[in-house]
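Undergrad: Take this structure, written in structure tokens, and hold onto it; I'll ask about it next.
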Amino acid sequence: MKTVAIHQPQFMPWLGYLNKIHSCDVFVFLDNVQYKKNEWQNRNRIKTADGPQWLTVPNCYKFPQRINEVTVNNRENWRRKHLQALITNYSKAPYFKDAMPVFQEFYSREWEFLADVNMDSVNLMLDFFKIEQELLKASDMELRDAPNERLVDICKIVGADTYLAGKDGEKYMDLEIFRKEGIKVVFQQFSPPEYPQLFGEFVPCLSAIDLAFNCGGEGRKLFVKD
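The opening residue of the sequence shown carries number 42 in my numbering; numbering runs sequentially from there.
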């Protein structure tokens with residue numbers, strides 16, 4: 042059995058995203074679908090003394106651009122702002138000295154396209170938590186445009202007989218199309234783990250940045266099973 046998971050590239054994703062990558066044999070970045078504003082494709086949250094705060098990558102999106110066509114608005118000094126937010130809110134975290142150099146190196150780079158920022162941020166998280174996986178891009182494949190057929194095509198191209206969907210996938214997927222193609226669909230089962238955080242009551246579903254500073258690389262044990 043070979044399992045594939047497919048998802049839009051997100052910026053500094055949460056633990057459920059990383060768990061999905063770890064749970065498959067090959068992960069495909071769905072970078073050639075329409076960009077969605079005000080979701081997770083250019084932002085994610087960290088925890089502060091005043092509650093969750095967004096880290097946002099400004100961009101120059103023009104409808105109906107696809108994710109891999111959206112450019113970063115580098116006229117704004119967003120990388121410096123992000124770094125300062127990490128220093129301000131995590132300088133007293135247990136693993137600040139371990140994690141901060143990783144993020145400093147990341148933010149020292151420059152990008153033209155948002156998809157590249159996101160995929161690099163995913164790779165950063167995978168490296169930090171020592172998760173190895175084959176990563177591919179949908180934009181490198183010839184695919185049909187219809188949503189379900191697109192996913193089926195990816196499964197066939199990578200040689201997968203099982204598709205790992207999100208827990209809510211059944212609400213929008215046509216499972217009959219997959220059945221006819223001999224592809225088994227399974228749904229991710231993931232509950233956000235609780236771990237020590239700064240600033241009081243635990244807040245779930247933050248960017249994996251929060252786990253990195255609070256628990257270090259050993260935090261991987263909380264969201265993956267080897």
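Backbone N, C-alpha and C fix where the C-beta goes; we use that ideal spot for every residue, glycine too.
Hey, would you say D72 sits closer than 8 Å to A156, going by beta carbons?
TA: One-based indexing of the sequence shown puts residue 72 at position 31. One-based indexing of the sequence shown puts residue 156 at position 115. Yes, the Cβ-Cβ distance between D72 and A156 is below 8 Å.
Undergrad: Tell me, please, whether the region 203 to 215 touches the region 227 to 242 by the rule of three or more beta-carbon pairs shorter than 8 Å.
TA: yes
Undergrad: With DSSP collapsed to three states, give me the class of Y102.
TA: As a position in the sequence shown, residue 102 is number 61, starting the count at 1. Reduced to three states, the DSSP call for Y102 is coil.
Undergrad: For the region 138 to 151 against the region 106 to 124, do three or more pairs of beta-carbon atoms, one drawn from each stretch, fall closer than 8 Å, so that the two count as touching?
TA: yes
Undergrad: Among the residues of its own chain, which have a CB less than 8 Å from the CB of I270, if the five just before and after it don't count?
TA: Outside the shown range of the chain (42 to 267) lies residue 270, about which nothing can therefore be said.
Undergrad: Can you give me the Cβ contacts of C196 inside the same chain, cut-off strictly under 6 Å, excluding the 5 residues immediately before and after it?
TA: By one-based count along the sequence shown, residue 196 stands at place 155. Answer for C196: V45, Y204 and I224, listed in chain order.
Undergrad: What does the Cβ neighbour count give for M53, buried or exposed, with the cut at 16 atoms within 10 Å?
TA: Residue 53 sits at position 12 when you count from the first residue of the sequence shown. Per the 10 Å Cβ criterion, buried.
Undergrad: Using a Cβ-Cβ cut-off of 7 Å (strictly less than) and excluding sequence neighbours within five positions of L184, which residues of its own chain qualify?
TA: Within the sequence shown, residue 184 is the residue found at index 143, counting from 1. Result list for L184: R191, D194 and I195, in chain order.
Undergrad: So is D251 buried or exposed if we call it buried at 16+ other beta carbons inside 10 Å?
TA: The residue you call residue 251 lines up with position 210 of the sequence shown. D251 comes out buried.
Undergrad: Note down the Cα distance separating A134 from N60, rounded to an integer number of angstroms.
TA: One-based indexing of the sequence shown puts residue 134 at position 93. One-based indexing of the sequence shown puts residue 60 at position 19. One C-alpha to the other measures close to 23 Å.
Undergrad: Just to confirm the assignment, what range does the beta strand (DSSP E) spanning T203 have?
TA: What you label residue 203 is simply residue 162 of the sequence shown in a count that begins at 1. T203 -> beta strand (DSSP E) spans T203 to A206.
Undergrad: Straight-line CA distance for I198 to M42?
TA: By one-based count along the sequence shown, residue 198 stands at place 157. By one-based count along the sequence shown, residue 42 stands at place 1. The alpha-carbon atoms of I198 and M42 are separated by roughly 15 Å.
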